[in-house]
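Residue numbers (our numbering): 677 to 996. We treat Cβ as the ideally placed atom computed from N, Cα and C, and that holds for glycine. Please read all numbers here as calculations on a predicted model, not as lab measurements.
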Amino acid sequence: MATESPKLLDQVRNLIRLKHMSYKTERAYVAYIREYILFHRKTHPREMGVEQIREYLTYLAVQKRVAASTQNVAFNAILFLYKQVLGIELPLIDGVLRAKRPARLPAVFTREEAKAIINDLDGPVRIIVSLLYGSGLRLTEALRLRVKDVELENGQLIVRDGKGAKDRTTILPAGIIEELRRHLESVKRLHEEDVSRGFGSVLLPYALARKYPNADKLFAWAYAFPSTKLSPSREDGVVRRHHTAESTIQQAVKRAMSKLKIYKHANCHSFRHSFATHLLEDQYDIRTVQELLGHKDVRTTQIYTHVVKNKNFVRSPLDT
Numbered sequence: 677m678a679t680e681s682p683k684l685l686d687q688v689r690n691l692i693r694l695k696h697m698s699y700k701t702e703r704a705y706v707a708y709i710r711e712y713i714l715f716h717r718k719t720h721p722r723e724m725g726v727e728q729i730r731e732y733l734t735y736l737a738v739q740k741r742v743a744a745s746t747q748n749v750a751f752n753a754i755l756f757l758y759k760q761v762l763g764i765e766l767p768l769i770d771g772v773l774r775a776k777r778p779a780r781l782p783a784v785f786t787r788e789e790a791k792a793i794i795n796d797l798d799g800p801v802r803i804i805v806s807l808l809y810g811s812g813l814r815l816t817e818a819l820r821l822r823v824k825d826v827e828l829e830n831g832q833l834i835v836r837d838g839k840g841a842k843d844r845t846t847i848l849p850a851g852i853i854e855e856l857r858r859h860l861e862s863v864k865r866l867h868e869e870d871v872s873r874g875f876g877s878v879l880l881p882y883a884l885a886r887k888y889p890n891a892d893k894l895f896a897w898a899y900a901f902p903s904t905k906l907s908p909s910r911e912d913g914v915v916r917r918h919h920t921a922e923s924t925i926q927q928a929v930k931r932a933m934s935k936l937k938i939y940k941h942a943n944c945h946s947f948r949h950s951f952a953t954h955l956l957e958d959q960y961d962i963r964t965v966q967e968l969l970g971h972k973d974v975r976t977t978q979i980y981t982h983v984v985k986n987k988n989f990v991r992s993p994l995d996t
């Protein structure tokens, strides 16, 4: 009896996991592909093409009025479906009404606000948020740090497979090195306890698990900020200790902001914005800031010069 082939969305999930794409990407791609199919009354994508894709993307911009970034994610999801899953090369898709990208400035904490939030936190959450502000990390980058990528003696962090699949190094704030050292010692004890109980493995990136069969239980590969509980991996169902959940940090920052009466439309990513803005205020070269942030194009970094200029370099006529 022939084995039934996986359903289309399961094929999408399987390929995303095979390529070690993030869970956030998996959820987004599956959601937009499902919506694309439902929008066209459950027509199979093989029976559709450029015209149907154009209609769906225009619908997102006109009827749903989504942000430009959301429309781009939906477009990338559909391209992934056709090219990677179905093996269909699409011709140029033009004539799509694009969602407008608003020219907004990033939300930035003052130095006092950033430090007040950090001081209101404790434990691993405090260290993680300190790295968002003190090292300019994205939240996912901080949570995915492995022990081997925290170089306490050199005072630097190695960010592996960041946005755009790029590695980079960034600074490690001297003020948290001892706190981080003590934290990693407790992580080591937890790891040894897991190993003694028959666990202790972590999910390795790409093909490293095959290349180094025993590396998954080495402390060097453990997450620097592990979860408080063991859970099965979505990739293979093996019970492992993953990293701390994003929601844990997001909720802690939200509570601290409320307690401190900081009413800005800000979140965890605002610490990264604040890192860049405050470095520029301190007269560091924009190329240096670009490198620390891992921006491909300096124009992305230049958005922070607008924030700095408005705050520090222009004096109100009332003050002159």
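Please determine if the stretch 966 to 983 and the stretch 819 to 827 are in contact, where contact requires at least 3 C-beta pairs separated by less than 8 Å. no
If you follow the beta strand (DSSP E) that T846 is part of, which residue opens it and which one closes it? 842 to 847
Classify R886: buried if its beta carbon has 16 or more other beta carbons within 10 angstroms, exposed otherwise. Answer is exposed; the Cβ neighbour count stays below 16.
Less than 9 Å separating the beta-carbons of L733 and L781? The answer is no: Cβ separation not under 9 Å.
Between which two residues does the alpha helix (DSSP H) harbouring D870 extend? 853 to 872
Cα separation between P889 and G831? 31 Å
Does L766 pass the burial test, meaning 16 or more other C-beta atoms within 10 Å, or should it be called exposed? exposed
Residues in its own chain within less than 7 Å of H941 by CB, not counting five upstream and five downstream? A783
Among G874, W897, G876, which has the Cα closest to the Cα of L884? Answer by Cα proximity: W897.
Inter-stretch contact (C-beta, 8 Å, three-pair minimum) for the stretch 783 to 794 and the stretch 746 to 765: no
Please report how far the alpha carbon of M724 lies from the alpha carbon of K700, in whole angstroms. 27 Å
Compare the Cα-Cα distances from N622 to each of D961, A775, L879, V984 and report the closest residue. This structure does not reach residue 622, given that the chain is present from 677 up to 996, and the question cannot be answered.
Is the stretch 929 to 943 touching the stretch 906 to 915, taking contact as three or more C-beta pairs under 8 Å? Flag = no, the stretch 929 to 943 and the stretch 906 to 915 do not touch.
In whole angstroms, give me the CA-to-CA distance for R836 and V878. 16 Å
Under 9 Å, do K893 and V871 count as touching if we go by C-beta distance? yes
Could you tell me which residues DSSP pairs with R822 in its beta bridges? Y899
Can you have a look at D995 and say buried or exposed, based on whether 16 or more other CB atoms are within 10 angstroms of its CB? Bear in mind that a pLDDT of 49 at D995, under 50, signals an unreliable position, so the number given afterwards is only what the model happens to contain. It is exposed - the Cβ of D995 has fewer than 16 other Cβ atoms within 10 Å.
Endpoints, the beta strand (DSSP E) within which I834 is located: Its beta strand (DSSP E) spans residues 832 to 838.
Going by beta carbon distance, what residues of the same chain come within less than 8 Å of R693, once the five residues before and after it are set aside? E702, R910, E911
Restricting to Cα atoms, I'd like to know which of R963, E817, Y899, I962 is closest to H945. The option with the nearest alpha carbon to H945 is E817.
In whole angstroms, give me the CA-to-CA distance for V826 and Q926. Computed Cα separation, rounded: 22 Å.
Where the alpha helix (DSSP H) containing M933 begins and where it ends: 922 to 935
Buried or exposed: where does I729 fall if 16 or more other Cβ atoms within 10 Å of its Cβ makes it buried? Buried, by the Cβ-count rule.
Rounded to whole angstroms, what is the Cα-Cα separation between P881 and E829? Between the C-alpha atoms of P881 and E829 there is a straight-line separation of about 25 Å.
Is it buried or exposed, H720, if we count other Cβ atoms within 10 angstroms and call 16 or more buried? exposed
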